[in-house]
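Enquirer: Those protein sequences? They're chains A, Z, Y and X, same order as listed. The opening residue of the first sequence carries number 351 in this note's numbering; numbering runs sequentially from there. The opening residue of the second sequence carries number 351 in this note's numbering; numbering runs sequentially from there. The opening residue of the third sequence carries number 351 in this note's numbering; numbering runs sequentially from there. The opening residue of the fourth sequence carries number 351 in this note's numbering; numbering runs sequentially from there.
There are 4 protein chains.
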Amino acid sequence: MPGSSADSRRVGPRKRDLVLRAVVDELTRTPYAQLTVERIAEASGVHKTTLYRWWSGKAELVADALATLMDTGPVPDTGSTRGDLAQWLAGTVRNYAGSPLGAAMPALISDLASTPEGLAAFRTAFLAERRNNCAEVVERGVARGDLPEELDVDLFMDTLAGAVFYRQVVTGGRVDADTAARVVDLLVPAAASGAGQ
Amino acid sequence: MPGSSADSRRVGPRKRDLVLRAVVDELTRTPYAQLTVERIAEASGVHKTTLYRWWSGKAELVADALATLMDTGPVPDTGSTRGDLAQWLAGTVRNYAGSPLGAAMPALISDLASTPEGLAAFRTAFLAERRNNCAEVVERGVARGDLPEELDVDLFMDTLAGAVFYRQVVTGGRVDADTAARVVDLLVPAAASGAGQ
Amino acid sequence: MPGSSADSRRVGPRKRDLVLRAVVDELTRTPYAQLTVERIAEASGVHKTTLYRWWSGKAELVADALATLMDTGPVPDTGSTRGDLAQWLAGTVRNYAGSPLGAAMPALISDLASTPEGLAAFRTAFLAERRNNCAEVVERGVARGDLPEELDVDLFMDTLAGAVFYRQVVTGGRVDADTAARVVDLLVPAAASGAGQ
Amino acid sequence: MPGSSADSRRVGPRKRDLVLRAVVDELTRTPYAQLTVERIAEASGVHKTTLYRWWSGKAELVADALATLMDTGPVPDTGSTRGDLAQWLAGTVRNYAGSPLGAAMPALISDLASTPEGLAAFRTAFLAERRNNCAEVVERGVARGDLPEELDVDLFMDTLAGAVFYRQVVTGGRVDADTAARVVDLLVPAAASGAGQ
DNA sequence: CCGTAAACGAGACGGTACGTCCAGTCTTATT
DNA sequence: AATAAGACTGGACGTACCGTCTCGTTTACGG
Chain A
351 MPGSSADSRR
361 VGPRKRDLVL
371 RAVVDELTRT
381 PYAQLTVERI
391 AEASGVHKTT
401 LYRWWSGKAE
411 LVADALATLM
421 DTGPVPDTGS
431 TRGDLAQWLA
441 GTVRNYAGSP
451 LGAAMPALIS
461 DLASTPEGLA
471 AFRTAFLAER
481 RNNCAEVVER
491 GVARGDLPEE
501 LDVDLFMDTL
511 AGAVFYRQVV
521 TGGRVDADTA
531 ARVVDLLVPA
541 AASGAGQ
Chain Z
351 MPGSSADSRR
361 VGPRKRDLVL
371 RAVVDELTRT
381 PYAQLTVERI
391 AEASGVHKTT
401 LYRWWSGKAE
411 LVADALATLM
421 DTGPVPDTGS
431 TRGDLAQWLA
441 GTVRNYAGSP
451 LGAAMPALIS
461 DLASTPEGLA
471 AFRTAFLAER
481 RNNCAEVVER
491 GVARGDLPEE
501 LDVDLFMDTL
511 AGAVFYRQVV
521 TGGRVDADTA
531 ARVVDLLVPA
541 AASGAGQ
Chain Y
351 MPGSSADSRR
361 VGPRKRDLVL
371 RAVVDELTRT
381 PYAQLTVERI
391 AEASGVHKTT
401 LYRWWSGKAE
411 LVADALATLM
421 DTGPVPDTGS
431 TRGDLAQWLA
441 GTVRNYAGSP
451 LGAAMPALIS
461 DLASTPEGLA
471 AFRTAFLAER
481 RNNCAEVVER
491 GVARGDLPEE
501 LDVDLFMDTL
511 AGAVFYRQVV
521 TGGRVDADTA
531 ARVVDLLVPA
541 AASGAGQ
Chain X
351 MPGSSADSRR
361 VGPRKRDLVL
371 RAVVDELTRT
381 PYAQLTVERI
391 AEASGVHKTT
401 LYRWWSGKAE
411 LVADALATLM
421 DTGPVPDTGS
431 TRGDLAQWLA
441 GTVRNYAGSP
451 LGAAMPALIS
461 DLASTPEGLA
471 AFRTAFLAER
481 RNNCAEVVER
491 GVARGDLPEE
501 LDVDLFMDTL
511 AGAVFYRQVV
521 TGGRVDADTA
531 ARVVDLLVPA
541 AASGAGQ
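(1) Please decide whether LEU477 of chain Y counts as near chain X, where near means a Cβ-Cβ distance under 8 Å.
(2) If PRO488 of chain Y and ILE459 of chain X are in contact, beta carbons under 8 Å, what's the gap, nearest whole angstrom?
(3) Using CA atoms only, rank isn't needed, just tell me which of A:GLY491, A:PHE472, A:TRP438 is closest to ASP528 of chain A.
(4) Output needed for PRO363 of chain X: all residues of its chain with C-beta closer than 8 Å, excluding positions within five of it in sequence on either side, in chain order.
(5) Under the three-state reduction of DSSP, which class applies to LYS365 of chain Y: helix, strand or coil?
(6) Name, please, each residue of chain A whose Cβ falls closer than 8 Å to the Cβ of ASP575 of chain Z.
(7) Is DSSP giving GLU400 of chain Z helix, strand or coil here?
(8) Report yes if the CB atom of ALA383 of chain A is closer than 8 Å to the CB atom of SER406 of chain Z, and no otherwise.
(9) If the criterion is Cβ atoms closer than 8 Å, does the pair VAL443 of chain A and VAL534 of chain A meet it?
(10) Between PRO456 of chain X and the rest of its own chain, which residues show a CB-CB distance below 7 Å, the 5 nearest in sequence each way excluded?
(11) With 9 Å as the C-beta to C-beta threshold (strictly closer), list the residues of the segment 375-404 of chain Y near chain X in chain order.
(12) Could you give the DSSP three-state label for ALA463 of chain X: helix, strand or coil?
(13) Assuming the contact rule is C-beta atoms closer than 8 Å, GLU410 of chain Y and LYS398 of chain Y should be a hit. Round their C-beta distance to whole Å, please.
(14) Quick check on this structure: which residue in A:VAL425, A:LEU377, A:VAL374, A:ALA413 has the alpha carbon closest to the alpha carbon of ARG481 of chain A?
(15) Could one say the Cβ of THR509 of chain Y lies closer than 8 Å to chain X's Cβ atoms, at least one of them?
(16) Check the Cβ of TYR516 of chain Y against every Cβ in chain X and list those closer than 7 Å, keeping chain order.
(17) Determine, using beta carbons only, whether ARG494 of chain Z comes closer than 8 Å to chain A.
(18) Given the structure, does LEU505 of chain A come close to the ligand MG, in the sense that its CB is under 7 Å from one of the ligand's heavy atoms?
(19) Could you compute how far the alpha carbon of GLY546 of chain X sits from the alpha carbon of ARG490 of chain Y?
(20) Among the candidates Y:VAL538, Y:ASP502, Y:THR378, whose CA atom is the shortest distance from the CA of SER449 of chain Y?
(21) Excluding the 5 residues flanking ALA415 of chain Y on each side, which residues of the same chain have their C-beta closer than 6 Å to its C-beta?
(22) Taking ALA476 of chain Z as the reference, give the member of Z:ILE390, Z:VAL412, Z:ARG360, Z:ALA391 with the closest Cα.
(23) Taking the alpha-carbon positions, what's the GLY423 of chain Z to LYS408 of chain Y distance?
(24) Identify, in the order they occur along the chain, each residue of the same chain with its Cβ nearer than 6 Å to the Cβ of ALA511 of chain X, setting aside the five sequence neighbours on each side.
(25) With a threshold of 8 Å between beta-carbons, can VAL519 of chain Y be considered close to chain X, or not?
(26) Report yes if the CB atom of ASP508 of chain A is closer than 8 Å to the CB atom of GLY395 of chain Z, and no otherwise.
(27) Could you name the residues of the same chain whose beta carbon sits closer than 6 Å to that of LEU469 of chain X, not counting the 5 residues immediately before and after it, in chain order?
(28) Rounding to the nearest angstrom, what Cα-Cα distance links ALA530 of chain Y and SER430 of chain Y in this structure?
(29) Only counting runs of 4 or more residues, tell me where the alpha helix (DSSP H) segments fall wholly within the segment 374-457 of chain Y, in order along the chain.
(30) Would you kindly report the start and end of the unbroken alpha helix (DSSP H) that includes THR509 of chain A?
(31) Can you tell me the Cα-Cα spacing of ALA436 of chain A and THR418 of chain Z, whole angstroms?
(32) Beta-carbon within less than 6 Å of ASN483 of chain Z's beta-carbon, same chain only, minus the 5 sequence neighbours each way: which residues are those?
(33) Determine the closest residue to ARG366 of chain Y out of Y:ILE390, Y:ARG532, Y:LEU497, with distance taken between C-alpha atoms.
(34) Is it buried or exposed for VAL361 of chain Y, if we count other Cβ within 10 angstroms and need 16 for buried?
(35) Is ALA531 of chain A close to chain Z, meaning its C-beta is less than 8 Å from at least one C-beta of that chain?
(36) Going by CA-CA distance only, name the one from Y:GLU467, Y:GLY452, Y:ARG532, Y:ALA493 that's closest to VAL503 of chain X.
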């Protein structure tokens, strides 16, 4: 069957993988702000013109690389709500703190914000899935009775993710799996006892 | 009376106020990424050369404006821990969400991060005071018995601030005083019931 | 016929002519010292960046214009050594005194002197040909017996050209074809009678 | 008698000597084009403001230094016209080639040329005396019968000085006392045999 | 020996041009 | 159709030096 998934024929960027790999590569060496499209072109061996044909610029390139390479897998049922949430948040930490891409997030978002569609697209592509994973976990928690039914799920998730995000981006503190667990501990009993009403 | 406050002989930038006001002004019109030193020069009527004499560039200019103009007042005792924290967080929200400067924060930090001293200086100048205010409130809460003694205060504060920060920057949701109150509600009972151990 | 003279695929500055013409144009209006690269950019409609891509700066731009546009044709045999030399020197005068480029020479050379290669390149490109023309004439003169065989040709040519150059640059006196003829008259009988040994 | 030659009272720059010495000093280290008023200020320990109070800028500073420090002494009678002229020209060579100030001449003149008075003033201050010295020598030559009465003295002097000037500035050849002598040899017999009519 | 006026020091500033980086677009082969 | 190659416009950067302004401070003379 010709035209299968890795089809090199016809429309679409033929060098997408090359390019995205180069983006990640460069981001490990240099922060987002210092990254340039020209450098990506050189590093990937793909002509600048070609990059602009398929991506609108640096922000989109990085966003694409992020969305492609980030861990967005579903969270296994560990048996406890705390465990599930800790696992999910640890995944988030890996994405944000472990990879060079995470560090690029704030500036990237700030760049994308110049065009509202860009930002929306990024949120859809990148955040939606992880968020759905989390929502599932929360619902399991509610079903188990570990979390109250009236819980504001969105706010709860924002608080969860925000704790590690804020720490890395703003205060500059340590962020790792243990931190994730402690944030969950901070929130779960609270939520369980009827907060967020 | 020679040597008074506006003494033209004193050392240092004589047009600092003019400039910082222009920075804020421009930030209301245009996002951080689009802001340029040249525009600040034009808007303030102060020559580019002069700006570079006293500030290293855009990041420092904005950081200075931020640190100078942000609300960092102490939090009055409202009688309840929830009330105090809600008040503090509402102040944070005003700074982040209410002002154009807040929106600039992530990109600004990302810019400052290119020189570690720059970032450290900003944290000291800008975050330290607000954080101390909050720590005080938390201690009052501990004294009252609303919060456990073993509470990880830093993590608690990061979670508090992170919730609204993440919402504004990443998910793009609504952020206001009510949001602040609900975040507090989410966290305080939790912390009170023995989390963070 | 692909690859013709105005081929847009060829390597090198595509707007060279435009630029050099603008340089000359500006030099007629403003002395070398007042000339700026930015003005050349505006006048030629070619962006500053482009200019710097192909020329190192003002000095090189002017040197290029000079070398391209100066009269460096060979000297016809007028029948007499005096006549030949006068004709050659008149050509030099036209270059130096008649054109705005001539007036720029001293400052230009002084600029080029900051990089020894620059100066050497200019001498090769610009002086060499004219000098060869003159040397030919002198040799004809020697063959005719109008000039002595032991003549120091280089010094002779420097004296010839120097007279009009010095006059224009240093003393500020009148310089024209007649002046040229009188300089030749001053030198030829002298040289003929056995000087320069 | 108060107010004598070294009078330190009243009007005029009190640090003139300091400054001019610094100008010469700097010119030995750096070519005219690279020289800046600020450097002169630092080097001399005299404030920039003060320099501008007494001199209009770089050109005037250097011109002043030149005029003050150049050798403009009269030429002794060596007994022969050739000898006298050679001596005079050797003096010129010392000024032009031997000192850093000489190398600065073309650019300096080109700078001064932006204000006609500046150039005129310089010519008067600097050239006039040397030129008078030379004219004297030429007249002695005419009286001796070594040079024709109808000689165009100005042109003769321009040719003499031009030879060494052109060589140093344009062709970049060696210039020394011997060169001076050979230029004289080239010109004197010529002039003597009736040129310049 | 003290007051006055010149010369000087000090700092900040507006302003021009510099030379550079990078963005993003165009045209024309080439594969 | 996608990519390569090269030149180009354009905006902003950060810097150097210019020449000027305002004020205080020193200096040395002349009463």
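Where a beta carbon is used, it is the ideal one built from N, C-alpha and C, also for glycine. Bear in mind that the values here come from a model prediction, so they are computed numbers and not experimental data.
Expert: Straight from the coordinates:
(1) Mapped onto the third sequence, residue 477 of chain Y falls at position 127. Judged by the 8 Å Cβ criterion, LEU477 of chain Y is in contact with chain X.
(2) Translated into the one-based positions of the third sequence, residue 488 of chain Y becomes position 138. Translated into the one-based positions of the fourth sequence, residue 459 of chain X becomes position 109. Position check: residue 488 of chain Y holds Val in this sequence, whereas Pro was assumed. Not really, about 30 Å apart at Cβ, beyond 8 Å.
(3) Here residue 528 of chain A corresponds to residue number 178 of the first sequence, with the count starting at 1. Residue A:TRP438 is the option with its Cα nearest to ASP528 of chain A.
(4) Reading the fourth sequence from its first residue, position 13 is the one you call residue 363 of chain X. Here the set comprises VAL369, THR400, ARG403, TRP404.
(5) Position 15 of the third sequence, counted from the start, is the residue given in the question as residue 365 of chain Y. The answer is coil: DSSP assigns LYS365 of chain Y none of H, G, I, E or B.
(6) Nothing about residue 575 of chain Z can be read from this structure; chain Z reaches only from 351 to 547.
(7) Within the second sequence, numbered from 1, the residue matching residue 400 of chain Z stands at position 50. The sequence given here has Thr at residue 400 of chain Z, not Glu. Residue state, collapsed to three classes: helix.
(8) Indexing the first sequence from 1 puts residue 383 of chain A at position 33. Indexing the second sequence from 1 puts residue 406 of chain Z at position 56. The answer is no: Cβ separation not under 8 Å.
(9) Within the first sequence, residue 443 of chain A is the residue found at index 93, counting from 1. Within the first sequence, residue 534 of chain A is the residue found at index 184, counting from 1. Cβ atoms of VAL443 of chain A and VAL534 of chain A: not closer than 8 Å.
(10) On the fourth sequence, position 106 is the one that residue 456 of chain X refers to. Contacts found: VAL519.
(11) PRO381, TYR382, ALA383, GLN384
(12) For this step, residue 463 of chain X is matched to residue 113 along the fourth sequence. Three-state result, ALA463 of chain X: coil.
(13) For the purposes of this step, residue 410 of chain Y is taken as the residue at position 60 of the third sequence. For the purposes of this step, residue 398 of chain Y is taken as the residue at position 48 of the third sequence. Incorrect: roughly 14 Å between the Cβ atoms, too far for contact.
(14) Position 131 of the first sequence holds residue 481 of chain A. Comparing Cα positions, the closest option is A:VAL425.
(15) Within the third sequence, the letter at position 159 stands for residue 509 of chain Y. Closer than 8 Å to some Cβ of chain X, the Cβ of THR509 of chain Y qualifies, so yes.
(16) The count along the third sequence starts at 1 and reaches residue 516 of chain Y at position 166. Going along chain X in sequence order, the residues near TYR516 of chain Y (Cβ under 7 Å) are ASP508, ALA511, GLY512, PHE515, TYR516.
(17) The sequence position of residue 494 of chain Z within the second sequence is 144, counting from 1. No, no contact with chain A.
(18) Although the ligand MG was asked about, the structure shown includes no ligands whatsoever.
(19) Position 196 of the fourth sequence, counting from 1, holds the residue named residue 546 of chain X. Position 140 of the third sequence, counting from 1, holds the residue named residue 490 of chain Y. Low local confidence applies: a pLDDT of 39 at GLY546 of chain X is under 50, so the model's placement there is unreliable, with the coordinate-based value given in what follows. So the alpha carbons of these two residues sit roughly 23 Å apart.
(20) Within the third sequence, numbered from 1, the residue matching residue 449 of chain Y stands at position 99. Among Y:VAL538, Y:ASP502, Y:THR378, the Cα nearest to that of SER449 of chain Y belongs to Y:THR378.
(21) Locating residue 415 of chain Y in the third sequence gives position 65, counting from the first residue. Taken in chain order, the residues that qualify are LEU370, VAL373, VAL374.
(22) Counting from one through the second sequence, the residue named residue 476 of chain Z turns up at place 126. It is Phe, not Ala, that sits at residue 476 of chain Z in the sequence shown. Among Z:ILE390, Z:VAL412, Z:ARG360, Z:ALA391, the Cα nearest to that of PHE476 of chain Z is on Z:VAL412.
(23) Translated into the one-based positions of the second sequence, residue 423 of chain Z becomes position 73. Translated into the one-based positions of the third sequence, residue 408 of chain Y becomes position 58. Using only the alpha carbons, I get a separation of about 57 Å.
(24) As a first step, residue 511 of chain X is located in the fourth sequence; it is residue number 161 there, counting from the start. Here the set comprises THR442.
(25) Locating residue 519 of chain Y in the third sequence gives position 169, counting from the first residue. Chain X, which has a Cβ nearer than 8 Å to the Cβ of VAL519 of chain Y, makes this yes.
(26) As a position in the first sequence, residue 508 of chain A is number 158, starting the count at 1. As a position in the second sequence, residue 395 of chain Z is number 45, starting the count at 1. Against a cut-off of 8 Å, the Cβ pair of GLY395 of chain Z and ASP508 of chain A comes out as no contact.
(27) Along the fourth sequence, one-based indexing puts residue 469 of chain X at 119. Excluding residues within five positions, the ones whose Cβ falls inside 6 Å are LEU462, ALA463.
(28) Looking up residue 530 of chain Y in the third sequence gives position 180. Looking up residue 430 of chain Y in the third sequence gives position 80. Distance between the alpha carbons of ALA530 of chain Y and SER430 of chain Y: 15 Å.
(29) 387-394, 398-404, 408-419, 431-443
(30) Looking up residue 509 of chain A in the first sequence gives position 159. 503-516 is the extent of the alpha helix (DSSP H) around THR509 of chain A.
(31) The residue you call residue 436 of chain A lines up with position 86 of the first sequence. The residue you call residue 418 of chain Z lines up with position 68 of the second sequence. C-alpha separation (whole angstroms): 39 Å.
(32) Position 133 of the second sequence, counted from the start, is the residue given in the question as residue 483 of chain Z. Around ASN483 of chain Z: PRO424, VAL425.
(33) As a first step, residue 366 of chain Y is located in the third sequence; it is residue number 16 there, counting from the start. When only C-alpha atoms are compared, the closest one is Y:ILE390.
(34) What you label residue 361 of chain Y is simply residue 11 of the third sequence in a count that begins at 1. Label assigned to VAL361 of chain Y: exposed.
(35) Start at 1 with the first residue of the first sequence, and residue 531 of chain A comes out as number 181. ALA531 of chain A does not count as touching chain Z.
(36) In the fourth sequence, residue 503 of chain X corresponds to position 153, counting from 1. When only C-alpha atoms are compared, the closest one is Y:ARG532.
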